[in-house]
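*Asks:* Supplied in structure tokens, the structure appears directly below.
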Amino acid sequence: MPTKIEKDEVTGVETTGHEWDGIRELNNPLPKWWVYTFYVSVAYAVIWWVLFPAIPFGPSATGGLTGSETRDRVLAEIERVEAERATVRQRLVGAELSYIQDDPTLFTYALTGGRIAFGDNCAPCHGVGGTGQLSYPVLADDDWIWGGTIEDIQHTIQWGVRWPDFEFDTRFAMMPAFGADGILTREEVDQVVDFVLAMSGRADEADPDLIEAGAEVYEWNCASCHGDGGEGMHVMGAPALNNQIWLFGGEREQIWQQIWNPRHGVMPGFAERLDEATIKMLAVYVHALGGGQ
Amino acid sequence: MGHALEELAKKAEIDRVIGGEAGQAAPGVAKEPVASRSEQKASPLYQGRVQVYPRDVKGIYRRVKWVALVVLLAIYWLLPWVRWDRGAAVPDQAVMIDMAGRRAYFFWIEIWPQEVYFLTGVLILASFGLFLATSLFGRVWCGFACPQTVWTDLYLWVERRIEGDRAARIRLDKAPWSAAKAKKRAAKHAVWLLIAMATGGAWILYFGNAPDMLVGFFTGEASATIYFFVGLFTFTTYLLAGFAREQVCTYMCPWPRIQGALFDEDTLAVTYEGWRGEPRAPAKKGERFEGRGDCIDCKQCVAVCPTGIDIRDGLQLECIGCALCVDACNDVMDRIGRPRHLITYDSARNTALRAEGKAPRYRVFRPRTFIYVALLLVVSGLMTYGLANRSTAHLSIERDRSGLYVTLADGSIRNTYEVRIHNKTHVDQLYAFDIVGLPDSAVGWVLGREPGPINELRLLGAADGVASYMLFVAVPRDDLETAALEVTFQVTSEAGDVTTQRSVFRGPQP
């Protein structure tokens, strides 16, 4: 509180009466333009209260005469952006997949749009950037269960894998439960595990006698889908066995389990969830993730 | 509410001081009817502006001010029209900031957005230059070179040509409205607005090709942004030079408050030599000047002052150091036969020395001037080095971190990088590419191309543009000895300029 208003001797100006450690403040007048600017600001605030939403009342607020609503503006903005994108999206829908990759504008648009759609729809299982996890395929590598061409990828995204809603179009294949259903004996399964380990370049982990026996079991039971050399077969959804990539794990125990009583992954088809342009963008993006095939 | 009354009383007081007290200061020298700022008392709540009517004056400093005004305005209005050939498809304007193309051009210098630190250098040079000039010569910037001073001076010149000098303007302001007054006012504001528009109009010429901008502006094809900025600068010029004037310096500008720290007793400043002038008194005809001061209290120094102060009150914040009062006083001293430079542009030290009857001394080399010069040399040296060794390309590497690495079917480890090459030359370049530090067994490929040895990669960078590539690099797992291999990306232009950027290749713990 002001204590003692006095006249400063040097300047002849009154003090404000405030004192801090012996320092007193002169009460110099404000410039007129400053005062008027202040009044204009006050008037501006009043006009704002009247025209725009301003004072909160419970769950709502005063609406203002203009009826301005930020939500409406966001919606209008979204509409505007979508209208702007409509031409590119139309071109995307009309374009052949291989053509998209040769058109820099479409390609850049598809890569960016695909990355965003991937984050929304695919990343929960396949990981951001397609890094995958146990039981969910890595999409950033060069190994493809159902084919790695851009058309193959589009088909898989569209109709899914073992997805009951698209009975006729979905990717479908079942590996027999060789052990559980009694097709092979326990001994035979042990043998074929060692053979598969050797096929993937890990012969040092396997027993040479079992490998030899396993080769015969493999030829009769597995080669028709997984190939003579374990190279896999895309149309059957049979993964390659001669490489370092294991969907359900590459440990001896895990391989044994997968032969005895195999698990089968399910991926939803996105044909009814996403529009054609988005599926195409996803195909372009996923294809690029793996470095292209 | 005695406020309105107070206002009236204040107005009457100002009228009395401005209008009254005319007379003779000395035979042949009129006493100017003028009150300085400090003489005009204000109301306690807020201070109304005291209108300043600077009188015309002739003399050496006025001439310097005219020359500075013409040169500076000429630079401002003509610089955008200077051409500078940079080759095809690149603007040929010598000085230009291309916002859309994200380039700044200054004669032979071309700056990209990521080199904006050169602007920092320019700003540092400008401030140290200002510090040096201020510590040597006082407020030369304020008095002669500041745009506020230059444009106010130009506006005052227009005002004087149309409405007449000080006395005529005061009369016109007080006169009731008439056809003649309206005509003069209309003419003045029309010319002011024209100058303001030319000022705003020239501003935009620095942000695009000047001839195109001019044609576009008058044919209505320019963008709304351009019209907005022309309008903004027209308005601010009109407001600041026509009306706000000295209030900008006194209330808005921080510089007058900073530069007190740069002054010392050897800094030149506009100074009233009180030892010689006091006691002041009007001189009678035939009076001798022994036993009294040379100041005849004619107040010519106040009348010519563009900020309306009395320099005889001493060095003050409002004084912009334009030295017009020196010219005015010299003229009076000539007429009464006394030595010039009663008001002088000199240092505090010399005023004191002269008061003691000693010879003045000028000290240019002082610790602070040494420091400022040294800093100027260091910064301009760094800038020159930076510009002379400016690379012709810029490489930026962004490692894909969503998944630090990927294991491929053959067991090798792959990393993905986004490679951006900024080609700062004006021709297309096919860059030779390499990553130093990777095992020889590494292969690399750009999306859409076949894998191969990395040093055989060739990447195209379009002229004056940024090329972006998604680069895949795979290394056999057995050849990776560490989980984070330090590598150096490098591109080599056709002319052999090498640009490098460090990054890392990640894999599993061995």
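So the sequence lines, in the order shown, correspond to chains Y and D.
Residue 5 is where the first sequence starts when you use my numbering, and the numbers rise one by one after that.
Residue 3 is where the second sequence starts when you use my numbering, and the numbers rise one by one after that.
Just so you know, even glycine gets a beta-carbon here, dropped at the ideal spot from N, CA and C.
Taking only beta-carbon positions, decide if T41 of chain Y is within less than 8 angstroms of chain D.
*Replies:* It does not; no Cβ of chain D falls within 8 angstroms.
*Asks:* Name, in chain order, the residues that DSSP records as bridge partners for D348 of chain D.
*Replies:* DSSP lists D:A271 as partners of D348 of chain D.
*Asks:* State buried or exposed for K287 of chain D, treating a residue as buried only when at least 16 other CB atoms are found within 10 Å of its CB.
*Replies:* Exposed.
*Asks:* Excluding five sequence neighbours on each side, which residues of the same chain lie with their C-beta closer than 6 angstroms to the C-beta of A198 of chain D?
*Replies:* Correct list, in chain order: T236, T239 and Y240.
*Asks:* Under 7 angstroms Cβ-Cβ, which residues of chain Y neighbour Y253 of chain D?
*Replies:* Correct list: P35.
*Asks:* Please report how far the alpha carbon of G117 of chain Y lies from the alpha carbon of R403 of chain D, in whole angstroms.
*Replies:* Those two C-alpha atoms are separated by around 19 angstroms.
*Asks:* Does any CB atom of chain Y fall closer than 8 angstroms to the CB of L317 of chain D?
*Replies:* False, the Cβ-Cβ gap to chain Y never drops below 8 angstroms.
*Asks:* Of all the options Y:W167, Y:E23, Y:A244 and Y:R166, which has the alpha carbon lying nearest to the alpha carbon of G151 of chain Y?
*Replies:* Taking only the C-alpha atoms, the option nearest G151 of chain Y is Y:A244.
*Asks:* Which residues, in chain order, does the region 184-202 of chain D contribute to contact with chain Y at a C-beta distance below 9 angstroms?
*Replies:* Here the close residues number zero.
*Asks:* So is Y407 of chain D buried or exposed if we call it buried at 16+ other beta carbons inside 10 Å?
*Replies:* It is buried - the Cβ of Y407 of chain D has at least 16 other Cβ atoms within 10 Å.
*Asks:* Using the beta-carbon of each residue, which ones in chain A are nearer than 7 angstroms to L410 of chain D?
*Replies:* Absent from the structure: chain A. Protein chains present are Y and D.
*Asks:* Could you tell me whether any Cβ in chain Y is nearer than 8 angstroms to the Cβ of M335 of chain D?
*Replies:* No - not a single Cβ of chain Y is within 8 angstroms of the one on M335 of chain D.
*Asks:* Where in the region 85-148 of chain D do unbroken runs of the alpha helix (DSSP H), each at least 4 residues long, occur, reported from the N-terminal end onward?
*Replies:* Counting only runs of 4 or more, we get 119-139.
*Asks:* When the cut-off is 8 angstroms and only beta carbons count, does Q150 of chain D lie next to chain Y?
*Replies:* No - not a single Cβ of chain Y is within 8 angstroms of the one on Q150 of chain D.
*Asks:* What's the C-alpha gap between A27 of chain D and A271 of chain D?
*Replies:* Cα to Cα, the separation comes out at about 26 angstroms.
*Asks:* Among Y:V14, Y:L34, Y:A80 and Y:A99, which one has its Cα closest to the Cα of E28 of chain Y?
*Replies:* Residue 28 of chain Y is actually Arg in this sequence, not Glu. Closest option to R28 of chain Y, Cα to Cα, is Y:V14.
*Asks:* Of the residues that make up the region 118-143 of chain Y, which ones have a beta carbon closer than 8 angstroms to any beta carbon in chain D?
*Replies:* Cβ contacts with chain D come from G131, V132, G133, G134, T135 and V142.
*Asks:* I'd like the list of long-range same chain contacts for N31 of chain Y, defined as Cβ closer than 7 angstroms, with 5 residues on each side in sequence excluded.
*Replies:* Only V17, E18, T19 and T20 meet the Cβ criterion.
*Asks:* Report yes or no: is there a C-beta of chain D within less than 8 angstroms of the C-beta of I59 of chain Y?
*Replies:* By this cut-off, I59 of chain Y is not an interface position.
*Asks:* At a Cβ threshold of 8 angstroms, is A244 of chain Y touching chain D?
*Replies:* Yes, A244 of chain Y lies at the interface with chain D (some Cβ there is under 8 angstroms from its Cβ).
*Asks:* Would you check if the region 40-51 of chain Y and the region 59-73 of chain Y touch, i.e. whether three or more CB-CB distances between them fall below 8 angstroms?
*Replies:* Contact fails: fewer than three Cβ-Cβ distances are below 8 angstroms.
*Asks:* Rounded to a whole number of angstroms, what is the C-alpha to C-alpha distance between I161 of chain Y and N125 of chain Y?
*Replies:* C-alpha separation (whole angstroms): 10 angstroms.
*Asks:* Assign W148 of chain Y to one of two classes, buried (16 or more other C-beta atoms within 10 Å of its C-beta) or exposed (fewer than that).
*Replies:* Per the 10 Å Cβ criterion, buried.
*Asks:* Any idea if M335 of chain D is buried or exposed, counting beta-carbon neighbours within 10 angstroms, 16 or more meaning buried?
*Replies:* Classification of M335 of chain D: buried, given that the 10 Å Cβ count is 16 or more.
*Asks:* In three-state DSSP terms, what is V375 of chain D?
*Replies:* Reduced to three states, the DSSP call for V375 of chain D is helix.
*Asks:* Restricting to runs no shorter than 3 residues, where is the beta strand (DSSP E) found entirely within the region 265-319 of chain D?
*Replies:* Listed in chain order, they are 270-274.
*Asks:* Please tell me whether G183 of chain Y and W264 of chain Y are closer than 8 angstroms, where the distance is taken between their beta carbons.
*Replies:* The answer is yes: Cβ separation under 8 angstroms.
*Asks:* Given that a residue counts as buried once 16 or more other Cβ atoms are within 10 Å of its Cβ, and exposed if not, what is F220 of chain D?
*Replies:* Exposed, by the Cβ-count rule.
*Asks:* What residues of chain D sit near N247 of chain Y, judged by a beta carbon separation below 9 angstroms?
*Replies:* Per Cβ cutoff of 9 angstroms: L410, A411, D412 and G413.
*Asks:* For a contact defined as C-beta to C-beta under 8 angstroms, what are the partners of Q105 of chain Y on chain D?
*Replies:* Neighbours of Q105 of chain Y on chain D, chain order: G450.
*Asks:* Please return the same chain residues whose Cβ sits closer than 8 angstroms to the Cβ of L355 of chain D, not counting the five positions on each side in sequence.
*Replies:* Excluding sequence neighbours, L355 of chain D sits near A361, P362 and R363.
*Asks:* Roughly how many angstroms separate the alpha carbons of L461 of chain D and A292 of chain Y, rounded to a whole number?
*Replies:* So the two alpha carbons sit approximately 18 angstroms from each other.
*Asks:* Opposite T494 of chain D in the DSSP bridges: which residues?
*Replies:* Paired residues: D:A434 and D:V500.
*Asks:* Would you tell me roughly how many angstroms separate the C-alpha atoms of R451 of chain D and V73 of chain D, rounded to the nearest one?
*Replies:* Cα-Cα distance, rounded: 59 angstroms.
*Asks:* What separation, rounded to the nearest whole angstrom, lies between the Cα atoms of D58 of chain D and D167 of chain D?
*Replies:* C-alpha separation (whole angstroms): 7 angstroms.
*Asks:* If you measure beta-carbon to beta-carbon, which residues of the region 247-274 of chain D are closer than 9 angstroms to chain Y?
*Replies:* Within the region 247-274 of chain D, the qualifying residues are Q249, T252 and Y253.
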